[in-house]
Structures are given as structure tokens and as C-alpha cells.
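Visitor:
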Amino acid sequence: MSNDLHHGSCHCGAVQFEVRTVLSPAARCNCSLCRRKGALMSPPFAAAELKIVQGEDALTLYQFNTRVARHYFCKHCGIYPFHQTRKDPLLWRVNIGCLDGVDPYAFDAGVNDGASLSTVILEDA
């Protein structure tokens with residue numbers, strides 16, 4: 001599968017972006033955040049392959065645990081369009097459900113074991 005250029009947006013359209021990536025193998029993640037948001041993610045790609053076309057000011061950042069991964073959400077509609085990964089902060093993933101003309105239900109998806117990366121034991125917590 002080639003690194004095609006895809007256009008995407010959040011639900012309300014405030015955040016619009018372009019990304020050059022393959023879409024398969026798609027994946028879900030079992031970490032505490034991804035388990036709740038339920039998004040189908042692209043394979044990892046280099047940060048340079050993502051361009052925010054509109055609405056960077058509409059994005060809000062959410063970090064938890066080690067605060068390495070950077071999860072972005074539209075502050076208007078709450079949709080998660082993409083994130084910087086914890087496993088390799090130089091890589092990003094996009095929410096396939098945010099891509100124009102792409103059916104996220106047409107993909108078989110594996111599950112990444114993000115839960116094993118997400119636990120930091122804090123002393124005196």
C-alpha cells in the first residue's frame with residue numbers, strides 16, 4: 001500500500017489536516033485513554049507527513065501518565081484527529097475515522113498493547 005495523501009477533519013470542521021501515510025495495518029490500542037475513545041489508528045508515520053491546514057488554534061492537548069504521548073482533540077466537538085506516540089515521539093498516528101472518503105469499518109485491526117506502556121508507579125501517591 002502506498003503513502004497516499006489523505007485529507008481529514010474533526011467532526012465540526014474546525015480542524016482540517018492533510019497526512020501522507022499508509023492506512024494498513026490499522027490498529028486500536030488498549031491503553032486507558034484509547035480503550036475509552038475507541039479510535040481506529042493508522043500505522044505510525046513521521047511528523048513531517050502531517051500538515052494542519054486549518055484550526056491549529058482549535059486543538060487542545062491532552063497528556064497523561066508519563067506525558068510523552070501528545071493526544072490532540074478539537075476543543076469544539078471533542079474529536080481526536082491525531083496523536084504523537086509514546087513508544088516513539090518522532091512518530092504520529094491519525095484517526096482513520098477522520099479521513100475523507102475512508103471507511104474505517106472496512107479495515108481489519110490489530111490491538112497495540114499500550115496498556116503495558118502506560119503504567120508508571122508513583123511513590124507516595
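Residue numbers are given in the UniProt record's numbering: position 86 of the sequence shown equals residue 86, and the series is strictly consecutive.
Beta carbons: idealized from backbone N, C-alpha and C, even for Gly.
Please list the terminal residues of the continuous beta strand (DSSP E) segment that includes residue 28.
Guide: That run of the beta strand (DSSP E) goes 26-29.
Visitor: Could you say which of 104, 106 and 94 lies nearest to residue 45 if we only look at CA atoms?
Guide: Of the listed residues, the one whose Cα sits closest to residue 45 is 94.
Visitor: Please name the residue, chosen from 58, 43, 101 and 82, that lies closest to residue 26 on a Cα-to-Cα basis.
Guide: Per the Cα distances, 43.
Visitor: Return the CA-CA distance between residue 4 and residue 99, expressed in angstroms with no decimal places.
Guide: Computed Cα separation, rounded: 12 Å.
Visitor: Do residue 106 and residue 83 have their beta-carbon atoms positioned less than 8 Å apart in this structure?
Guide: Their beta carbons are not under 8 Å apart, which means residue 83 does not touch residue 106 by this criterion.
Visitor: State the CB to CB distance for the pair residue 64 and residue 90, rounded to an integer number of angstroms; the pair is presumed to be in contact (CB under 8 Å).
Guide: No, residue 64 and residue 90 are not in contact; Cβ-Cβ is about 20 Å, not under 8 Å.
Visitor: Pick helix, strand or coil for residue 80, following the three-state DSSP scheme.
Guide: Reduced to three states, the DSSP call for residue 80 is coil.
Visitor: Given residue 40, which residues of its chain have a CB within under 8 Å of its CB, disregarding the five upstream and five downstream residues?
Guide: For residue 40, where only same-chain residues beyond five positions count, the Cβ hits under 8 Å are 26, 27, 28, 95, 96, 97, 104, 107 and 109.
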